[in-house]
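In UniProt numbering, the protein residues as written are 1 to 718.
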């Protein structure tokens, strides 16, 4: 989804270790889901490495991961020799893993071919609803397809009347994808961000539109950008894996670029957003728990930004504007969940904030859209989706429950604030996006007709509540065929994340539909640490509460088995990035619950990572994982669940890990170490036991030369 406040909300707490670019084109982002690229380069506590500088994504030599405390600092000559030797060991290990993968993957050529063909078939079958987002300005409609920008007239469906403007290849960025588009109000200029497959940072290219578009400017290392006027662009820059500076640049005869804002606190990340009515640009400085907003008046864009409310520890807030009033989405007040408040622009301090609407208990605000006389809140409550429509004229609030199969919203990009209809799509892992609309004039929900290819599968959606160790009820969403008699013998794929207040991704995936058609059961465990039940759900699963997420996951799987949804020998667990913490922890504590585990770019060594305070991520990440250097009890708590630290000789499930050679968020060397230690533990167990039927699990690592952190499109979903 690329609309409303969703990206700002998600981006605020979104893990820098989780990023999926399935939707390349982001035409509207209050706060992009994609946070700055940051790299945890682990080093040993015994060596002083604070002065070392390495390019982003570099791998430190092997020895820096294995030194014990108190190790003497070797001489420069020994350091150089050791580094060369360590790099050779690393290269040999990488080569060995690739040879191992090539040997193993060759056994599955027939199966691979069949699955790829099936995924392609499903993608082709259901892409009719997956058009590129369109940007409508007046009578003009701009859209992107396959790296090409097109222009058409509103309502004109004749392909012959569509004008080709330019392509990424024309600009000299062959192979890059368009991440974001912003068009100046008078449509003189178009700014786009381009990102290559293996890079974390994007390049902003500004085009002067017309019959023959001309490249006006190229700005490297840009995160977010917005037009303040027809010829003034504000943008944020990324430097040293951080985003803390805001610049203004003009496209008038007198060219000017100047710094307008700098964030001094390393815990905060800066982006910019334009309010729906284009009255203000907001400069948003956010940590994971606190935020501060400055306003740039688009009528006077050269004036200095003005502060809305000074940052207050634990208070998050975001701004929209309507008729000389600021509408403030904030956690201010009790309980510390999101509320909609308002205040006059001229007196925007917290003491003047007035409550407009407060969320119900255990509700999650997914998105918010502002219109001229209405506001729509897109909500989740115990797995069900709702719309709350607030009228600014009558002050009435209408709540609408959406179809029970729906799991995710996808909003229309760039909605017109003065329109009388709000358009959006509903989807689930096994349901392609279905368009809906809400009419403000008729006060009703409209399911739009599409040329839909009927889904012939017999799929049922079941919602369960598992009782965790402390008796907290944990939601589970299950997709399965209706024939309950066969369910205990069907394979089960369990999904988990449980970090940063982020919901499990439950948008449509071709491979999920394929699994359902082939008889699989899909289960999504909404454990604490995620955001499915609001901000408190996240707080109850972070820092000193991390073990609660592990207890939740175990309770979910036990309930599924008890209710007849498969059994341990047919159960697989899937997780990506920070989700690897809970998955890897369960693999250590309760390996008998699983037959297999599938991890994508997993974060598996929390303890060593969080002990390196000189790394760019560590201080910010303490709000999620805690600080092991604050005392022995904090260190021991993190150590108690850290996957890498708790590997031991026992009968592990088989494990398949996908890693990325260019991953700057979870360095490859850490995953290589995890795999080596896990294999050794499995071999040690097998050598010590002679139980009947004893087996050695497959522990397989697929290292992708291309792509970055959790970088997977439908073509690469195998």
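Beta carbons: idealized from backbone N, C-alpha and C, even for Gly.
Check: When 611, 673 and 270 are compared against residue 234, the one with the closest alpha-carbon; Outcome: 270
Check: Residue 605, buried or exposed, once every other Cβ within 10 Å from all chains shown has been counted against 16; Outcome: buried
Check: Same chain only: Cβ atoms within 6 Å of residue 401, ignoring 5 sequence neighbours per side; Outcome: 386
Check: Proximity below 8 Å, CB of residue 178 to CB of residue 165; Outcome: no
Check: Closest residue to residue 171 among 513, 477 and 216 (Cα-Cα distance); Outcome: 216
Check: Alpha carbon of residue 364 to alpha carbon of residue 538, nearest angstrom; Outcome: 11 Å
Check: Coil, strand or helix - residue 298 by DSSP; Outcome: coil
Check: Buried versus exposed, by CB contacts within 10 Å (16 or more), residue 395; Outcome: exposed
Check: Residue 191: first and last residue of the uninterrupted alpha helix (DSSP H) it sits in; Outcome: Here residue 191 belongs to no alpha helix (DSSP H); instead the beta strand (DSSP E) covers 189-195.
Check: Test item: CB-CB of residue 408 and residue 506 under 8 Å; Outcome: yes
Check: 6 Å Cβ shell around residue 167 - same chain, five flanking residues per side excluded; Outcome: 147 and 148
Check: Classification of residue 307 by the beta-carbon crowding that lies within 10 angstroms, buried from 16 upward; Outcome: exposed
Check: Given residue 102 as reference, the closest of 709, 707, 700 and 706 once Cα atoms are compared; Outcome: 700
Check: Distance CB(residue 498)-CB(residue 527) smaller than 8 Å; Outcome: yes
Check: Minimum Cβ-Cβ distance from residue 221 to chain B less than 8 Å; Outcome: Looking for chain B here will not work: only one protein chain is present.
Check: Nearest-angstrom Cα separation, counted from residue 462 out to residue 519; Outcome: 16 Å
Check: Residue 292 - partner residues in DSSP beta bridges; Outcome: 285
Check: Pairwise C-alpha distance: residue 219 and residue 205; Outcome: 6 Å
Check: Given 8 Å, three or more beta-carbon pairs between the stretch 640-652 and the stretch 176-190; Outcome: no
Check: Where residue 676 sits in the DSSP three-state scheme; Outcome: helix
Check: Contact set for residue 378: own chain, Cβ-Cβ below 6 Å, skip 5 residues either direction; Outcome: 366, 367 and 409
Check: In chain order, each alpha helix (DSSP H) run of at least 4 residues that lies wholly inside the stretch 600-629; Outcome: 606-610 and 618-625
Check: Which of helix, strand or coil DSSP assigns to residue 671; Outcome: helix
Check: Exposure of residue 335, with buried meaning 16 or more beta-carbon neighbours within 10 Å; Outcome: exposed
Check: Cβ shell of residue 275 (< 6 Å), same chain only, five flanking positions each side left out; Outcome: 320 and 321
Check: Identity of the residue in 561, 509 and 627 nearest residue 544 by Cα; Outcome: 627
Check: Residue 427 classed as buried or exposed, judged by whether at least 16 other C-beta atoms fall within 10 angstroms; Outcome: buried
Check: Residue 225 and residue 238 closer than 8 Å at C-beta; Outcome: no
Check: Bridge partner(s) assigned by DSSP for residue 100; Outcome: The partner list for residue 100 (beta bridge, DSSP) is empty, contrary to what the question assumes.
Check: Coil, strand or helix - residue 379 by DSSP; Outcome: strand
Check: Cα-Cα separation between residue 203 and residue 471, rounded to whole angstroms; Outcome: 49 Å
Check: CB contact flag (residue 344, residue 373, <8 Å); Outcome: no
Check: Spatial distance of residue 263 from residue 349 (CA atoms); Outcome: 20 Å
Check: Distance CB(residue 582)-CB(residue 494) smaller than 8 Å; Outcome: no
Check: Spatially closest choice to residue 482 from 516, 681, 466 and 468, by CA coordinates; Outcome: 516
Check: With 16 other Cβ atoms within 10 Å as the buried cut-off, status of residue 108; Outcome: exposed
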